[in-house]
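Top line first, the protein sequences correspond to chains B and E. The number in our numbering is simply the position in the first sequence, starting from 1, with 68 added. The number in our numbering is simply the position in the second sequence, starting from 1, with 393 added.
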Amino acid sequence: KQEVTQIPAALSVPEGENLVLNCSFTDSAIYNLQWFRQDPGKGLTSLLLIQSSQREQTSGRLNASLDKSSGRSTLYIAASQPGDSATYLCAVRVSNTGKLIFGQGTTLQVKP
Amino acid sequence: DTGVSQDPRHKITKRGQNVTFRCDPISEHNRLYWYRQTLGQGPEFLTYFQNEAQLEKSRLLSDRFSAERPKGSFSTLEIQRTEQGDSAMYLCASSLDGSKNEQFFGPGTRLTVL
């Protein structure tokens, strides 16, 4: 059974700092991995999707990496801003139907 | 059409009542998913539609839950005889067939059962 874990559960950093969020999964047989952002009480916003054959994806200040063999992904946020404060969720696609298995999320607070 | 929409955004009901939620996916997306999210947890998969066919259901979807997508466009999720444990955020997502199958989520419906 696929399990997805995100550590830490919460993180507080000063504005301007570079930071890394971690995601691990127990079964390397995944189709892809998606990182999402969720603001309090809102839906999920897709940030990056990495196919199982890829090593990394970049979008602006965000860079996501994938090491399928070790069951790990990281989300790197450069020059963090208070507007980056949110919960970040990673999810792995485990079947042809597209079913996603989510981690519990890391809640990030960026202090001005 | 700029994204996935859900209605209502909030629903408060008394235990034992029936509730129905609606999801309108991105117009060209043929795949539609329902997830449930409780406080402090990641979303959990409930069910999946490809066009109008419901092809996968989670064990979380008890017989009090039913979902439909009658014309392969919008979908409804009905909960009968609601229980306090049903209180959660119900999220809908849609995607296109293909190798990426990137899922785009709606704003969710927050259900509170009193």
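Virtual Cβ for every residue (Gly too), placed ideally from N, Cα, C.
Neighbour-count burial assignment, residue i, 16 or more Cβ in a 10 Å radius
i	result
Ser173(B)	It is worth fixing the name first, because residue 173(B) is Gly in this sequence and not Ser. Buried: at least 16 other Cβ atoms inside 10 Å.
Val73(B)	At residue 73(B) the sequence reads Thr, which differs from the Val that was named. Exposed: under 16 other Cβ atoms inside 10 Å.
Val506(E)	buried
Leu408(E)	A small fix is needed here, since residue 408(E) is Arg in this sequence, not Leu. It counts as exposed.
Gln149(B)	exposed
Leu432(E)	exposed
Asp479(E)	buried
Arg457(E)	exposed
Gln106(B)	buried
Local conformation of residue i per DSSP, three classes
i	result
Pro41(B)	Since the displayed chain B opens at 69 and closes at 180, residue 41(B) lies outside it and no answer follows.
Gln477(E)	helix
Pro82(B)	strand
Asp95(B)	coil
Asp417(E)	strand
Asp135(B)	strand
Whole-Å CB distance - residue i paired with residue j, under 8 Å assumed
i	j	result
Gly84(B)	Ala147(B)	6 Å
Arg424(E)	Ser487(E)	6 Å
Gln410(E)	Thr502(E)	With a Cβ gap of about 15 Å, Gln410(E) and Thr502(E) do not count as contacting.
Minimum Cβ-Cβ distance from residue i to chain A less than 7 Å
i	result
Leu134(B)	Reference to chain A is not applicable here, since the protein chains of this structure are B and E.
Using Cβ-Cβ distances below 9 Å, what residues of the region 406–433 of chain E are close to chain B? Listed in sequence order: Arg424, Tyr426, Tyr428, Gln430, Gly433.
What are the residues of the region 111–129 of chain B that lie near chain E, defined by any Cβ-Cβ distance shorter than 8 Å? Listed by position along the chain: Gly111, Leu112, Thr113, Ser114, Leu117, Gln119.
Determine contact between the region 466–477 of chain E and the region 130–145 of chain B, defined as no fewer than three beta-carbon pairs at a distance below 8 Å. Taking one beta carbon from each stretch, the region 466–477 of chain E and the region 130–145 of chain B have fewer than 3 pairs nearer than 8 Å; the two do not touch.
Is the region 155–172 of chain B close to the region 441–453 of chain E, with three or more CB pairs under 8 Å? Under the 8 Å Cβ criterion, the region 155–172 of chain B counts as touching the region 441–453 of chain E, having at least three qualifying pairs.
Cβ-based contacts, 7 Å cut-off: residues of the region 160–171 of chain B near chain E: Cβ contacts with chain E come from Arg161, Thr165, Gly166, Lys167, Leu168, Phe170, Gly171.
According to a CB-to-CB cut-off of less than 8 Å, which residues of the region 446–470 of chain E neighbour chain B? Look at the region 446–470 of chain E: the residues with a C-beta under 8 Å from a C-beta of chain B are Leu448, Glu449.
Assess contact between the region 419–433 of chain E and the region 399–407 of chain E, defined as three or more Cβ pairs (one per stretch) separated by less than 8 Å. Is contact present? Contact between the region 419–433 of chain E and the region 399–407 of chain E is not established, with fewer than three Cβ pairs separated by less than 8 Å.
Pair every Cβ in the region 497–506 of chain E with every Cβ in the region 104–118 of chain B, then say whether three or more of these pairs are closer than 8 Å. Because the criterion of three Cβ pairs below 8 Å is met, the region 497–506 of chain E and the region 104–118 of chain B touch.
Taking a Cβ distance cut-off of 8 Å, strictly less, list which residues of the region 92–106 of chain B are near chain E, in chain order. Taking 8 Å as the cut-off between beta carbons, the residues of the region 92–106 of chain B near chain E are Tyr99, Asn100, Gln102, Phe104, in sequence order.
Are at least three pairs of beta-carbons, each pair with one atom in the region 424–436 of chain E and one in the region 472–488 of chain E, less than 8 Å apart? Yes, they touch.
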